[in-house]
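To keep things clear, I will list the structure first and then write my remarks on it.
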Amino acid sequence: MASFPAGNRKGARATAENGKAAAHRASLRMERAQNILFGLAGAVLSVLAAGMVGWLGLPAWQLIRSHGLLNVVLGTHWNPLAGAVGIFPFVYGSLVVTAVALAVALPLGLALAISLQQGWARARGWLVPLLTALGAVPSVIYGWWALAVIVPAVRRLGGSGFSLLSAGLVVGVMILPTFAVLARQALAAVPDDLAAAALALGATPDQALTRVVLPAAGAGLRAAGLLALGRALGETMAVQMVVGGQAYVGWSPLHSGATLTSEILTDLASLPAGTAAHRALDLMALLLLAAMALVARATYRSRGAP
Amino acid sequence: MGGAAAALWLAAAPSIRVMGATSLIPLVKAAVPAFAARHPGVAISVSAGGSYAGLLQAAQGHVEIGMSDLPPAELALPLPGRLEAVPLGCVPVVVVVHPDVGVRRLSRQRLADILAGRVRNWAQVGGAAQPVVVVTRQLASGARAVMQRALGLGAFSPDAVVQLSNGAVLRTVADTPGAVGYVEAAFLRPGVQVLGVGPYDYPGSDPRRWPFLAPVGLYLAPGAPPAAYRFARFVADWGRKGQFGIVPCGESERG
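In the order they appear, the protein sequences are chains A and B. Numbering of the first sequence is given in our numbering, commencing with residue 89 and proceeding in unit increments. Numbering of the second sequence is given in our numbering, commencing with residue 2 and proceeding in unit increments.
Put into structure tokens, the structure is as follows:
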């Protein structure tokens, strides 16, 4: 701290005010710099996003003009080297795999979250970090595990085991930890007073949970579910390893199938840019991008953001 | 000054990028040190990506050499440029089945019926009463093109399982009862049964008579530097080629 001679109070005050003003100017400068940085980051992201949409959208548009949107999106015949570019089997495969995955992950994950939050206080200390770690395991490891465990188990139900069901199950197991951790956070954000009040009014613990705590955590739970949905829709490697790889539309989940992501991975190297077949892959990527954007928007809204 | 020095250094040390078929990577990687011992100062990098990707990158001039196990003329889609071929020989593609299917040999026609999905149970060809599970490769695969051409297959079974590499096909066939697939012979591992086809056995018969041979080669980009030509010729004439599963191409019986 600066000290001043006793006979120089006025000067000291002036200096202090000067110092304050300098600090204020410095903070303004810092604020401007931050604004410029954030603006630049936003601009870079916008340019990247617009570039990606344009880069996929232009060939996709050419395909739609030459083949017709409905013929491509609802076409069920995929033989790209012979010019058949119906991509509905992959849209269908993505929907089936995502539905199976959510059917596995949502009930189990919610049960896990409730148990962690309300019952297993002592297990929380190690189980939550364990779940977080499981959520970060690379998907190729899950695929490898699925080849050894899920595929033989599904084979007992019929077929080769390489199927839409197997892919849905492995993705369900993959997104379960992420969903459980996020759902627990949503439950933890509900004030304890709410449950205590319900109990004091004579509600049973189950009633307090289903009528008070779960509705109060609704927005957070929906956001967690939507994040799980996004991850299921985008999963590629683990799906490709066990899904079978056939363009299939039909009622049997035991049949070999393919998703938008797994088919892009399989065919990308063999279909050169500029052909209708490659444009079909571009359109598939664009559909995925659009679906992800919708999921992200819904997640943002369900969190109660303005 | 720095730029000029870097340019001089680059000119003195030509860099050759090789990319393409996974089946050729062990051979080409092993040839690099042997070539470097005679031609010091040449930097060679080798990467995978599949035959088609290798040919495409070479045709566009992004790499100096593409590795392929199918000739550019047989690609279903045209390349944007002309490549100069340096043939290396042929790689046998063998048919493998799960050990429990109870079949050791198939006629070419029966094999075609099975891979196309017309025969759906091994009992129909004298094997165990097990459903057939066809395991195939993706469109970019050279082995797939060889099988399709040699057997006159229009398409593989609509129920086939598609795997992206020789290793994944082997693992799937070894683990799945009733499975049948095809792999390049250099990748064979225990756990699967190799089928005889018609009168031919692998190994056993003269490899030049084997019905499924993938012609492998290095393909030089238009305007590739002389060092790239020298390297391609070196690999083609290398005495250790045979150790990597490459055999001379005979006239394998067609039909």
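Backbone N, C-alpha and C fix where the C-beta goes; we use that ideal spot for every residue, glycine too. None of these values were measured; they are calculated from a predicted model.
For residue i, does the count of other Cβ atoms within 10 angstroms reach 16, so buried, or fall short, so exposed?
{"i": "G4 of chain B", "result": "Per-residue confidence for G4 of chain B stands at a pLDDT of 49, beneath the threshold of 50, marking its modelled position as unreliable; the derived number appears in the next sentence. Label assigned to G4 of chain B: exposed."}
{"i": "I229 of chain A", "result": "exposed"}
{"i": "I270 of chain B", "result": "Since the displayed chain B opens at 2 and closes at 256, residue 270 of chain B lies outside it and no answer follows."}
{"i": "T186 of chain A", "result": "buried"}
{"i": "K30 of chain B", "result": "exposed"}
{"i": "S254 of chain A", "result": "buried"}
{"i": "Q149 of chain B", "result": "buried"}
{"i": "D281 of chain A", "result": "exposed"}
{"i": "A186 of chain B", "result": "buried"}
{"i": "G32 of chain A", "result": "Since the displayed chain A opens at 89 and closes at 394, residue 32 of chain A lies outside it and no answer follows."}
{"i": "T220 of chain A", "result": "exposed"}
{"i": "G142 of chain A", "result": "exposed"}
{"i": "G243 of chain B", "result": "exposed"}
{"i": "G107 of chain A", "result": "exposed"}
{"i": "N159 of chain A", "result": "exposed"}
{"i": "V383 of chain A", "result": "buried"}
{"i": "V135 of chain A", "result": "exposed"}
{"i": "F178 of chain A", "result": "buried"}
{"i": "H112 of chain A", "result": "exposed"}
{"i": "T23 of chain B", "result": "buried"}
{"i": "W339 of chain A", "result": "exposed"}
{"i": "S182 of chain A", "result": "buried"}
{"i": "S115 of chain A", "result": "exposed"}
{"i": "W123 of chain B", "result": "buried"}
{"i": "G318 of chain A", "result": "buried"}
If you measure from the beta carbon of residue i to each beta carbon in chain A, is any gap under 8 angstroms?
{"i": "G51 of chain B", "result": "yes"}
{"i": "S70 of chain B", "result": "Position check: residue 70 of chain B holds Asp in this sequence, whereas Ser was assumed. Cβ-Cβ to chain A under 8 angstroms: no for D70 of chain B."}
{"i": "D160 of chain B", "result": "yes"}
{"i": "T23 of chain B", "result": "no"}
{"i": "Q139 of chain B", "result": "yes"}
{"i": "V163 of chain B", "result": "yes"}
{"i": "A54 of chain B", "result": "yes"}
{"i": "V193 of chain B", "result": "no"}
{"i": "A175 of chain B", "result": "no"}
{"i": "L11 of chain B", "result": "Low confidence applies to L11 of chain B: its pLDDT is 48, below 50, so where it sits in the model is not reliable, and the reading given next is rough at best. Output row for L11 of chain B: interface = no."}
{"i": "L278 of chain B", "result": "One cannot answer for residue 278 of chain B here, as it falls past the ends of chain B, which runs 2 to 256."}
{"i": "V134 of chain B", "result": "yes"}
{"i": "L57 of chain B", "result": "yes"}
Whole-angstrom Cβ separation of residue i and residue j, contact assumed at under 8 angstroms?
{"i": "A222 of chain B", "j": "G21 of chain B", "result": "Incorrect: roughly 12 angstroms between the Cβ atoms, too far for contact."}
{"i": "L84 of chain B", "j": "A59 of chain B", "result": "6 angstroms"}
{"i": "W171 of chain B", "j": "F188 of chain B", "result": "One detail in the question is off: residue 171 of chain B reads as Leu in this sequence, not Trp. Confirmed, about 7 angstroms."}
{"i": "R272 of chain A", "j": "L204 of chain A", "result": "5 angstroms"}
{"i": "V87 of chain B", "j": "A233 of chain B", "result": "4 angstroms"}
{"i": "V216 of chain A", "j": "V269 of chain A", "result": "6 angstroms"}
{"i": "A335 of chain A", "j": "A346 of chain A", "result": "6 angstroms"}
{"i": "L154 of chain A", "j": "T177 of chain B", "result": "Going by the sequence as given, residue 154 of chain A is Ser instead of Leu. Their Cβ separation, rounded to whole angstroms, is 40 angstroms, which puts S154 of chain A and T177 of chain B out of contact at 8 angstroms."}
{"i": "L71 of chain B", "j": "G153 of chain B", "result": "Contact flag wrong, Cβ pair sits at about 16 angstroms."}
{"i": "D355 of chain A", "j": "L140 of chain B", "result": "6 angstroms"}
Establish whether the CB of residue i and some CB of chain B are separated by less than 8 angstroms.
{"i": "S227 of chain A", "result": "no"}
{"i": "P147 of chain A", "result": "no"}
{"i": "A234 of chain A", "result": "no"}
{"i": "D370 of chain A", "result": "no"}
{"i": "A384 of chain A", "result": "no"}
{"i": "S203 of chain A", "result": "no"}
{"i": "E250 of chain A", "result": "The amino acid occupying residue 250 of chain A in the given sequence is Phe; Glu does not appear at that position. Taking Cβ atoms only, chain B reaches closer than 8 angstroms to F250 of chain A, which makes this a yes."}
{"i": "Q334 of chain A", "result": "yes"}
{"i": "A357 of chain A", "result": "yes"}
{"i": "P265 of chain A", "result": "no"}
{"i": "L257 of chain A", "result": "no"}
{"i": "S344 of chain A", "result": "yes"}
{"i": "L169 of chain A", "result": "yes"}
{"i": "T354 of chain A", "result": "yes"}
(message) Using a Cβ distance threshold of 8 angstroms, determine whether the region 86 to 104 of chain B contacts the region 32 to 52 of chain B, with at least three qualifying pairs required.
(response) no
(request) Any chance you could list the beta strand (DSSP E) runs of at least 3 consecutive residues sitting entirely within the region 132 to 189 of chain B, in chain order? (result) 134 to 138, 162 to 164 and 180 to 185
(request) Would you be able to state if there are at least three C-beta pairs under 8 angstroms between the region 356 to 363 of chain A and the region 188 to 202 of chain B? (result) no
(request) Give a yes or no on contact between the region 272 to 280 of chain A and the region 314 to 327 of chain A, applying the rule of three or more CB pairs nearer than 8 angstroms. (result) no
(message) Whether or not the region 194 to 208 of chain A and the region 261 to 274 of chain A are in contact is what I'm after, with contact meaning three or more pairs of Cβ atoms, one per stretch, closer than 8 angstroms; do they touch?
(response) yes
(message) For the pair the region 121 to 128 of chain B and the region 99 to 107 of chain B, tell me if three or more CB-CB distances fall below 8 angstroms.
(response) yes
(message) Could you check whether the region 234 to 245 of chain A touches the region 291 to 308 of chain A, counting it as contact only if at least three pairs of C-beta atoms, one from each stretch, sit closer than 8 angstroms?
(response) no
(request) Evaluate contact between the region 243 to 260 of chain A and the region 168 to 179 of chain A, counting only Cβ atoms and requiring at least three cross-stretch pairs below 8 angstroms. (result) no
(request) Could you tell me whether the region 151 to 161 of chain B touches the region 131 to 138 of chain B, where touching means 3 or more Cβ pairs closer than 8 angstroms? (result) yes
(message) My parser needs the alpha helix (DSSP H) runs of 4 or more residues fully inside the region 243 to 315 of chain A; what are they?
(response) 252 to 276 and 280 to 288
(request) Let me know the alpha helix (DSSP H) ranges lying completely inside the region 216 to 240 of chain A, each 4 residues or longer, listed in chain order. (result) 227 to 236
(request) Tell me the start and end of each unbroken beta strand (DSSP E) in the region 112 to 181 of chain A that is at least 3 residues and wholly inside, in chain order. (result) none
(request) Take every Cβ of the region 367 to 387 of chain A, pair it with every Cβ of the region 136 to 153 of chain A, and state whether three or more of those distances are shorter than 8 angstroms. (result) yes
(message) Going residue by residue through the region 203 to 240 of chain B, where are the continuous beta strand (DSSP E) segments of at least 3 residues, counting only ones entirely within it?
(response) 214 to 221
(message) With three or more C-beta pairs closer than 8 angstroms as the rule, is the region 204 to 221 of chain B touching the region 139 to 147 of chain B?
(response) yes
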